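According to this note's numbering, the sequence shown is numbered sequentially starting from 10. Ideal Cβ placement from N, Cα and C applies to all residues, glycine included. Predicted model only: the values in this text are computed from it and were never measured.
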Amino acid sequence: MLFKQQAWLRQKLLVLGSLAVGSLLYLVARVGSLDRLQPICPIEGRLGGARSQAEFPLRALQFKRGLLHEFRKGNASKEQVRLHDLVQQLPKAIIIGVRKGGTRALLEMLNLHPAVVKASQEIHFFDNDENYGKGIEWYRKKMPFSYPQQITIEKSPAYFITEEVPERIYKMNSSIKLLIIVREPTTRAISDYTQVLEGKERKNKTYYKFEKLAIDPNTCEVNTKYKAVRTSIYTKHLERWLKYFPIEQFHVVDGDRLITEPLPELQLVEKFLNLPPRISQYNLYFNATRGFYCLRFNIIFNKCLAGSKGRIHPEVDPSVITKLHKFFHPFNQKFYQITGRTLNWP
Ligand code: A3P
């Protein structure tokens, strides 16, 4: 009898123990990594919103991310939107470029922050006349649902190089924060070429070698008509933006460092956006198979960027590389001077 009772008790304890461990694991996963065991820190008042800060601690926002994710997939009913006070907000910050600078990685990594909500798709509102013609409400409706205290960020790298965009963004919000992620210009140009090449190969088309496009065969000089070269002359594009926005509204992200050492770059962005620091080393782990850092939201959910990010570049004639380095050098110096950020480019 006593033996039977003991066995029954052991069994009960085992069930209770498993339940406790299971619940704990679930809670850890739900709360996520970003705010782990840290004191609740309200988002700074300047992020705006109708409710008081104390009502929206970051941890609560983090807790609700799963919910937002569902809504972002278009599953929110009008009732749910009303119930949760969800809004579609115009971006308070935009990653304006540069193409192949690491714009997707930057957006996804910033989205680890509980106060940031990303627009998943490139919206191309300001660079595409047809979209722009649809008006600002159309643009706002393209934004994800968020809580009023969060900030929405979108990225469309074509904005950086498109003539009309600075004025159009200025008209929407003259105090918006602008993020530019740059890589060493020659590497960026080769990355740009690699993307186009892959597109051609997918369609079974042939394409020129990079050397042929980057160097003018008549003059043997760098071909400034080649778009991949022109895009890498960062200072030329930035100067157009500076006709509308003061330099303080820009933050330059070092795209090469974001690859090798993402956290310090992200911390600089958090500061620029006046966000409390919440992205930690826990959120970023190096994946040796991919050869890149991947994202960890919590113990259950993590992801790497798609295979289209981090392509293998073709080998380029070293003399062409040297020529390009020399060509970009004076533009780079000017870029450092204007932005106040010196990067160790050749
Ligand atoms: P490559 O494909 O040349 O390596 P964009 O998103 O602006 O198109 O930039 C793509 C580049 O982001 C990639 O260029 C890659 O090097 C870089 N990148 C930076 N961090 C990355 C990450 N964690 N995972 C994958 N690619 C990353």
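Q) For Asn311, which three-state DSSP category applies? A) strand
**Q.** Ile199, buried or exposed, once every other Cβ within 10 Å from all chains shown has been counted against 16
**A.** buried
Q | Beta-carbon proximity check, Thr195 vs Ile105, cutoff 8 Å | A | Contact: no.
Q.
On the criterion of 16 or more Cβ atoms from any shown chain inside 10 Å, does Trp147 qualify as buried, or is it exposed?
A. Residue environment: Trp147 is assigned as exposed (fewer than 16 neighbouring CB atoms within 10 Å of its CB, all protein chains considered).
Q | Opposing strand residues paired with Tyr302 [DSSP bridges] | A | Phe295
Q: Give a single yes or no on whether Tyr202 has its beta carbon closer than 7 Å to a heavy atom of ligand 1.
A: no
Q: On a CA-only basis, which of Ile256, Phe281, Val125 is nearest Gly349? Give me that one, please.
A: Ile256
(Q) Let me make sure I understand the geometry here. Which of Lys101, Glu207, Asn227 has the alpha-carbon closest to that of Glu163? (A) Minimum Cα distance to Glu163 is reached at Lys101.
Q) So which of Arg91, Lys318, Glu248 has the shortest CA-CA distance to Ala170? A) The sequence as given places Ile at residue 170; Ala does not occur at that position. Residue Glu248 is the option with its Cα nearest to Ile170.
Q.
Given 7 Å as the limit, tell me if Pro285 has its C-beta closer than that to any heavy atom belonging to ligand 1.
A. No.
Q | Cβ-based burial, Arg211 [other Cβ within 10 Å; buried from 16] | A | exposed
**Q.** Limits of the unbroken alpha helix (DSSP H) element including Lys335
**A.** 327 to 348
**Q.** Residues sharing a beta bridge with Ser155, DSSP
**A.** Ser155 pairs with Val96.
Q. Taking Cβ positions, are Ile288 and Leu121 nearer each other than 8 Å?
A. yes
Q: Measure how close the beta-carbons of Gln204 and Lys109 come, nearest whole angstrom, since I'm counting them as under 8 Å.
A: That pair is a contact at about 7 Å.
Q | Any alpha helix (DSSP H) of 4 or more consecutive residues that is wholly inside the segment 169 to 221 | A | Qualifying alpha helix (DSSP H) stretches, in chain order: 174 to 181, 194 to 211.
Q: Pull up the CB-CB distance for Phe154 and Val90, whole angstroms please, since I reckon it's below 8 Å.
A: 7 Å
Q.
According to DSSP, Thr112 sits in a beta bridge with which residue or residues?
A. Bridge partners of Thr112: none, in fact.
Q: Use the C-beta contact count for Asn341: other C-beta atoms within 10 angstroms, 16 or more gives buried, fewer gives exposed.
A: buried
Q: On a CA-only basis, which of Thr161, Asp94, Lys252, Glu274 is nearest Leu352? Give me that one, please.
A: Of Thr161, Asp94, Lys252, Glu274, the residue nearest in Cα terms is Glu274.
(Q) Would Pro157 and Trp250 qualify as a contact pair, given that the criterion is a beta-carbon distance under 8 Å? (A) no
(Q) Please report the distance separating the alpha-carbon of Ala315 from that of His322. (A) 16 Å
Q: Report the three-state DSSP secondary structure of Gly264 (helix, strand or coil).
A: helix
**Q.** Opening and closing residue of the beta strand (DSSP E) in which Ala102 lies
**A.** 102 to 106
Q. Between which two residues does the alpha helix (DSSP H) containing Ile145 stretch?
A. Run containing Ile145: 145 to 150, per the alpha helix (DSSP H) assignment.
(Q) Tell me which residue opens and which closes the alpha helix (DSSP H) that Glu139 is part of. (A) 138 to 142
Q: Verify whether the separation of the beta carbon atoms of Leu115 and Val261 is less than 8 Å.
A: no
Q. Nearest to Thr298 by alpha carbon, out of Gln290, Asn292, Cys313?
A. Cys313
Q: Taking only heavy atoms of ligand 3 into account, decide whether any of them is closer than 7 Å to the Cβ of Ile132.
A: Absent from the structure shown: ligand 3. Ligands present: ligand 1.
Q.
Taking only three categories from DSSP, how would you classify Glu131?
A. coil
Q. Taking 7 Å as the cut-off, is the CB of His338 close to at least one heavy atom of ligand 1?
A. no
Q. In this structure, does DSSP put Ile256 in helix, strand or coil?
A. In the three-state reduction of the DSSP assignment, Ile256 falls in the helix class.
Q: Provide the residue span of the beta strand (DSSP E) that contains Glu163, from first to last.
A: 160 to 164
Q. Just to confirm, does His322 get its C-beta within under 7 Å of one of the non-hydrogen atoms of ligand 1?
A. Remark: the C-beta of His322 is in contact range of ligand 1, defined as less than 7 Å to any heavy atom.
Q) Can we count Tyr217 as close to ligand 1, meaning its CB is less than 7 Å from some heavy atom? A) no
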